[in-house]
Amino acid sequence: MSDPDANMTEPTPKPISPQPSKWAPINLATISSGFEKGDFLVREEKGQRVYFDFFEEAFNYVANKGYSRLAPDKEEEWIKTFSDAHNSVKGGMRYNTGKLLMVLTKPVDIASAFANDDTKSDSKFVSKDENTLV
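Using the working numbering, you'd call the opening residue of the sequence shown number 319 and step up by one each time.
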């Protein structure tokens, strides 16, 4: 008698197509150390800088604003990017950049980024006169 499973072939696995990457704008925040004003510095959106005496305070500050730490491979990529940017400045950076400890991110709220409400904005626009800041 022949084996009934002998004539059956293994199903050919379907190739897994790579998932398309979804790129969305993000905000970055960093925690660095080595400053005179405070031991830890948080840099976040719009160039805001806040100094802290303890790492926990710095981390809680950015976490409460909705930031989360990047995956280790992405974090290393950003750290290298920041380092390359700082090293590209001829004569070195003007200010102490400290030692970058952590990179955090949060998605950009597109609706608020393109809102026409200029009352919350700290940006300056040049009027049609081009010599007058509004």
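Yeah, the Cβ is synthetic: ideal placement off N, Cα and C, and Gly gets one too.
Residue L422 holds the alpha-carbon nearest to the alpha-carbon of K392 among A376, L422, I428, I349. Contact between the segment 395-415 and the segment 347-366 is established, with three or more Cβ pairs separated by less than 8 Å. In the three-state reduction of the DSSP assignment, Y379 falls in the helix class. The beta carbon of Y369 sits closer than 6 Å to those of K355, G356, L359, all from its chain and outside the five residues before and after it, given in chain order. Around the beta carbon of V380, a 10 Å sphere encloses 16 or more other beta carbons of the protein chains shown; the residue is thus reported as buried. Separation of the CB atoms of K417 and Y385 is rounded to 19 Å, and the pair is thereby denied contact status at 8 Å.
C-alpha of L388 to C-alpha of V407: approximately 26 Å in a straight line. Counting of Cβ neighbours within 10 angstroms places A429 among the exposed residues, the total staying below 16.
With a 10 Å radius around the Cβ and a threshold of 16 neighbouring Cβ atoms, M411 comes out exposed. The C-alpha of N405 lies about 14 Å from the C-alpha of W396.
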